[in-house]
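Residue numbers (our numbering), protein chains in the order written: chain A, 1 to 332; chain B, 1001 to 1328.
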C-alpha cells in the first residue's frame, strides 16, 4: 500500500512537472508572438531573435535546475529568461527599451540580465560567452558550492575559437558547467553542413574528454531527462557535459529575415512544424488524461493574459532617464 | 629600507594582495609551477597552491573570459598575459564582454589583466608592443602603466582592489633596470590611487607629459638639458591613462606654457593625440607654442637593434624636440 502511495505521489509530481513545462513553452510561444507583433508596430527596434520552435530546449533544461544555479546565454534568450523566472513584464519592457526592463533599457533583446535569478546574461556575439561560463563554473568550485552553470549557444558557435578554449578549460579543470548547443541547423542563413567539417556537434566532446549526449530538442521530456543527468554529473563530481540538442526555429533568424525561400525550403519548414514541441506534449498529456481540452484552453488563456499585460506594462513604462546615460560605465 | 626592483615591487604587491584577500587568484600561461615567463609569480604556486595560482592552456580569450565570469561571482582574478601583445586574442572579451558588463547588466567585473609590454629589448614585432591605445577608446575599462617600483607595487594593489576591470601594463625593460628603496611589506602599505598622475620632476620652462619607460628617457633628457641649456623641465608621469588626470595636465600646462608629449607607442591614433586634444579644449589660452610629440615611428617594431633604436623614442630625440620647442 505504501509503495502504491509513493508511486502515486511520484506520478503526481511528474504530472505537475509536465504541466509546468507545457506552461513554460506556451508562455514563450505567446510571448514571442506578441514580440513579433510589437516589432512590426515599431515598438521594438534593432535586432530581435525569436525562440519559436525551440521552446522545448529552455523549458526542458531549466526545469532541471535549482534556483541557485547559474544560466548564461547567447542572443536568442527570451525563452531562457522567461523560464528562469524573469517576469514577462521585465523582459518585454527591455525589448521596448524602457527603464523598467530587466537591463534598464541599456541591453535590449540580446542582453537580458537579472543577477537575482542568476541569469548572467544574453550576449550579442556568437560564442564569446562560453569562456565566461567556464569562469562561473570556476567560481562555484573555488567557493565550494554545489551549483551548476548552464551555458546555451547555437551550433554556429562551434566554429568560434572560444568554444574550443572554453570546453578544454572546463574539462581540464573539472568545472560544473553544462554546455547546451541548440542546433537549429542554420547560422543565420548558412546551413551548418556548408561551413562545418564535423556536423555532429556532439563529436567535439571527444576532443575534450567530456561527457556528451545527442538529444531530440522537439521532445521536452527527453531534453529534461538529458539535462537532469548532466546536472547530476556536474553537481556530484564537477564533470562538464556537452549536450547537442537538435531543434528547429520556425521563424527567421531575426525579424528582418525571411521564413524560407532563401536558405531553406518552405517544405522543410512545414515538415518541421509537424514536430512542434508544444503540440507534442499537449497531445501526450491529453492522452494520459493529465489535461483535457478545457484545461488546455484555460492554460493558453492564462499565458495570453500574462503576455498582454506585459505588452501593456512595457508600453506604459517610462523611457530611461537621460541622466542615467553616464551611470554605471564604471563604479560610481 | 631595502632596495628592490620594479619586478620585485610588482611581485610584492601581488603577494600582499593574495595574502590579504582569498578572493584574489592568479591565472595565466606558466604562472604556476614555472613561476611566470619573467618570474613575476615565482614562489606563488608553493605558497598559495594550485587552486589560487593556476596554469592555463594557451587560450587568452578563455583566460580573460573565465576571469570575467569568476569576477561576476565576487572573485578578484588577476589574469596574466605572458606578453601583453597576446591581449589582442582577448580583445573581444575585454571590449565587448568585460567593459560593458556594468553598463548593460549592473555587473561588476573586478579583474586585472596584466602583462609585460614595451620594447628596447630586441623583442621584435610580437613581443614589444604597447597596446594602450587599443583600449583607451573603450568606456568601462581602466588602464594603468607604472614607471617606478613604488607605483608598480602601488598600482597592482589598487588595481586588484578596484571594482572595475583594469589593464595593468608593466614595462619589461624596467623590470630589473629600475631599483628603488621601498618599505618592507610589514611597514607602510603602498596604494597608488588610480586616476592620479605624479610629478616626476619639477620645472618651470616646459612640460613633458609621459608614462612608462619614456618617463626615464625624459628624466635623462631633462638632466642633460638643465646642464647644457639651462632649461628647467617639468615631467608629468601619468601613471593612469584611463581615466586620465586632466587636472594635473592642465596644472602643468598653466605652469610652463609649453608641452611635449612623449610615448613609446606608435604615433597615429596614440595617447598623445588624445592628450593634445584635451589641452586644446581645456588650456588652449595658456599655450605659448604648439603641442609637440615624440613617439615611435608608425611601423611594426623591427627586431634589428639599429632599427629598433631608430624607431623607438630615445633620449636624444627628446632633447632635440625640447630644444626646438624651447626656442619657439
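Where is the CB? At the ideal position from N, CA and C, for every residue including glycine.
Rounded to the nearest angstrom, what separates residue 195 of chain A and residue 158 of chain A at their Cα positions? Position 195 of the first chain holds residue 195 of chain A. Position 158 of the first chain holds residue 158 of chain A. In a straight line, the C-alpha of residue 195 of chain A is about 10 Å away from that of residue 158 of chain A.
Using alpha carbons as the reference points, say which of A:13, A:25, A:11 lies closest to residue 296 of chain A. Numbered from 1 along the first chain, position 296 holds the residue referred to as residue 296 of chain A. Checked all of A:13, A:25, A:11; the closest Cα to residue 296 of chain A is A:25.
Kindly list the residues whose CB is nearer than 7 Å to the CB of residue 1201 of chain B, restricted to its own chain and excluding five residues on each side of it in sequence; keep chain order. On the second chain, position 201 is the one that residue 1201 of chain B refers to. 1219, 1222, 1233, 1234, 1235, listed in sequence order.
I need the DSSP call for residue 287 of chain A, collapsed to helix, strand or coil. Within the first chain, numbered from 1, the residue matching residue 287 of chain A stands at position 287. DSSP places residue 287 of chain A in helix when its eight states are reduced to three.
Through-space distance from residue 215 of chain A to residue 161 of chain A, alpha-carbon basis: As a first step, residue 161 of chain A must be located in the first chain, where it is residue number 161. As a first step, residue 215 of chain A must be located in the first chain, where it is residue number 215. Between residue 161 of chain A and residue 215 of chain A, the C-alpha separation is close to 24 Å.
Going by beta carbon distance, what residues of the same chain come within less than 7 Å of residue 118 of chain A, once the five residues before and after it are set aside? As a working mapping, residue 118 of chain A is identified with position 118 in the first chain. Cβ within range, chain order: 68, 69, 70, 71.
Can you tell me the Cα-Cα spacing of residue 138 of chain A and residue 239 of chain A, whole angstroms? For the purposes of this step, residue 138 of chain A is taken as residue 138 along the first chain, with counting starting at 1. For the purposes of this step, residue 239 of chain A is taken as residue 239 along the first chain, with counting starting at 1. Approximately 12 Å between the Cα atoms of the pair.
What does residue 115 of chain A reach in chain B if we use C-beta pairs closer than 9 Å? Residue numbering aside, residue 115 of chain A sits at position 115 when the first chain is read from its first letter. The contacting residues are 1072, 1105, 1106, 1107.
With 16 other CB atoms within 10 Å as the buried threshold, where does residue 1023 of chain B fall? Counting from one through the second chain, the residue named residue 1023 of chain B turns up at place 23. Counting the other CB atoms within 10 Å of its CB gives residue 1023 of chain B a total of 16 or more, which places it among the buried residues.
In chain B, which residues lie less than 9 Å from residue 150 of chain A when you measure between Cβ atoms? What you label residue 150 of chain A is simply residue 150 of the first chain in a count that begins at 1. Under the 9 Å cutoff, chain B gives no residues; its nearest Cβ is about 13 Å from residue 150 of chain A.
What's the C-alpha gap between residue 1104 of chain B and residue 308 of chain A? Translated into positions along the second chain, residue 1104 of chain B becomes position 104. Translated into positions along the first chain, residue 308 of chain A becomes position 308. Answer to the nearest angstrom: the Cα atoms are 26 Å apart.
For the region 1002-1016 of chain B against the region 1153-1172 of chain B, are there 3 or more C-beta pairs whose distance is under 8 Å? yes
Environment of residue 1190 of chain B [buried if 16+ CB atoms lie within 10 Å]: Translated into the one-based positions of the second chain, residue 1190 of chain B becomes position 190. Looking at its Cβ environment, which holds 16 or more other Cβ atoms inside 10 Å, residue 1190 of chain B is buried.
Could you check the C-alpha separation between residue 135 of chain A and residue 1070 of chain B for me, to the nearest Å? One-based indexing of the first chain puts residue 135 of chain A at position 135. One-based indexing of the second chain puts residue 1070 of chain B at position 70. For residue 135 of chain A and residue 1070 of chain B, the distance between alpha carbons rounds to 4 Å.
Tell me whether residue 317 of chain A sits in a helix, a strand or coil according to DSSP, three-state version. Reading the first chain from its first residue, position 317 is the one you call residue 317 of chain A. Here residue 317 of chain A sits in coil by DSSP.
Rounding to the nearest angstrom, what Cα-Cα distance links residue 152 of chain A and residue 262 of chain A in this structure? The residue given as residue 152 of chain A occupies position 152 in the first chain. The residue given as residue 262 of chain A occupies position 262 in the first chain. The alpha-carbon atoms of residue 152 of chain A and residue 262 of chain A are separated by roughly 27 Å.
Note down the Cα distance separating residue 342 of chain A from residue 190 of chain A, rounded to an integer number of angstroms. Outside the modelled stretch of chain A, which goes from 1 to 332, sits residue 342 of chain A, for which no answer is possible.
Verify whether the separation of the beta carbon atoms of residue 110 of chain A and residue 124 of chain A is less than 7 Å. For this step, residue 110 of chain A is matched to residue 110 along the first chain. For this step, residue 124 of chain A is matched to residue 124 along the first chain. Yes. Within cutoff.
For residue 215 of chain A, which beta-bridge partners are listed by DSSP? Stepping through the first chain from its first residue, residue 215 of chain A is reached at position 215. Answer by DSSP bridge pairing, in chain order: A:245.
Terminal residues of the continuous beta strand (DSSP E) containing residue 1265 of chain B? Numbered from 1 along the second chain, position 265 holds the residue referred to as residue 1265 of chain B. Where residue 1265 of chain B is concerned, the enclosing beta strand (DSSP E) stretches over 1259-1266.
Per-residue contacts from residue 168 of chain A into chain B (C-beta, under 9 Å): As a first step, residue 168 of chain A must be located in the first chain, where it is residue number 168. Residues of chain B passing the Cβ test: 1057, 1059, 1062.
Are the beta-carbon atoms belonging to residue 61 of chain A and residue 148 of chain A less than 7 Å from one another? As a working mapping, residue 61 of chain A is identified with position 61 in the first chain. As a working mapping, residue 148 of chain A is identified with position 148 in the first chain. Not a contact, by the Cβ cut-off of 7 Å.
Does residue 125 of chain A have its Cβ less than 7 Å from a Cβ in chain B? Along the first chain, one-based indexing puts residue 125 of chain A at 125. The beta carbon of residue 125 of chain A sits closer than 7 Å to some beta carbon of chain B.
Run through chain B and tell me which residues come within less than 7 Å of residue 94 of chain A, C-beta to C-beta. Along the first chain, read from residue 1 onward, the residue named residue 94 of chain A stands at position 94. Those within 7 Å of residue 94 of chain A in chain B number zero; the least Cβ separation is about 10 Å.
For the beta strand (DSSP E) holding residue 1201 of chain B, just list the boundary residues, first then last. Within the second chain, numbered from 1, the residue matching residue 1201 of chain B stands at position 201. 1198-1201 is the extent of the beta strand (DSSP E) around residue 1201 of chain B.
In three-state DSSP terms, what is residue 138 of chain A? Here residue 138 of chain A refers to the residue found at position 138 when the first chain is read from its first residue. Residue 138 of chain A falls in the helix class under three-state DSSP.
is_contact[residue 1280 of chain B, chain A] using C-beta, thresh 7 Å: One-based indexing of the second chain puts residue 1280 of chain B at position 280. No, because no Cβ of chain A sits closer than 7 Å to the Cβ of residue 1280 of chain B.
Bridge partner(s) assigned by DSSP for residue 1234 of chain B: Taking the first residue of the second chain as 1, we reach residue 1234 of chain B at position 234. In DSSP, residue 1234 of chain B forms a bridge with B:1207.
In terms of residues, what are the limits of the beta strand (DSSP E) holding residue 1292 of chain B? In the second chain, the residue the question calls residue 1292 of chain B occupies position 292. Looking at the DSSP string, the run of the beta strand (DSSP E) that includes residue 1292 of chain B is 1292-1296.
Rounded Cβ spacing between residue 1020 of chain B and residue 1308 of chain B (contact assumed at less than 8 Å): On the second chain, residue 1020 of chain B is found 20 positions in, with the first residue counted as 1. On the second chain, residue 1308 of chain B is found 308 positions in, with the first residue counted as 1. The pair is not a contact, with the Cβ atoms about 40 Å apart (cut-off 8 Å).
Cβ pair residue 1263 of chain B, residue 1214 of chain B closer than 7 Å: Along the second chain, one-based indexing puts residue 1263 of chain B at 263. Along the second chain, one-based indexing puts residue 1214 of chain B at 214. Yes, the pair counts as a contact, with Cβ atoms nearer than the cut-off.
Cβ pair count under 8 Å reaching 3, the region 43-52 of chain A against the region 201-214 of chain A: When Cβ pairs closer than 8 Å are counted between the two stretches, the region 43-52 of chain A is seen not to touch the region 201-214 of chain A, the count staying below three.
Are there any heavy atoms of the ligand ATP lying less than 6 Å away from the beta-carbon of residue 21 of chain A, as far as the coordinates show? Summarising the ligand content, the structure contains no ligands, and the ligand ATP is consequently not present.
Between the CA atoms of residue 1196 of chain B and residue 202 of chain A - distance to the nearest angstrom: For the purposes of this step, residue 202 of chain A is taken as residue 202 along the first chain, with counting starting at 1. For the purposes of this step, residue 1196 of chain B is taken as residue 196 along the second chain, with counting starting at 1. One C-alpha to the other measures close to 52 Å.
Contact set between residue 106 of chain A and chain B, taken where Cβ atoms lie within less than 8 Å: Reading the first chain from its first residue, position 106 is the one you call residue 106 of chain A. Residues of chain B passing the Cβ test: 1103, 1104.
Tell me the residue span of the alpha helix (DSSP H) that contains residue 1219 of chain B. As a working mapping, residue 1219 of chain B is identified with position 219 in the second chain. Where residue 1219 of chain B is concerned, the enclosing alpha helix (DSSP H) stretches over 1213-1229.
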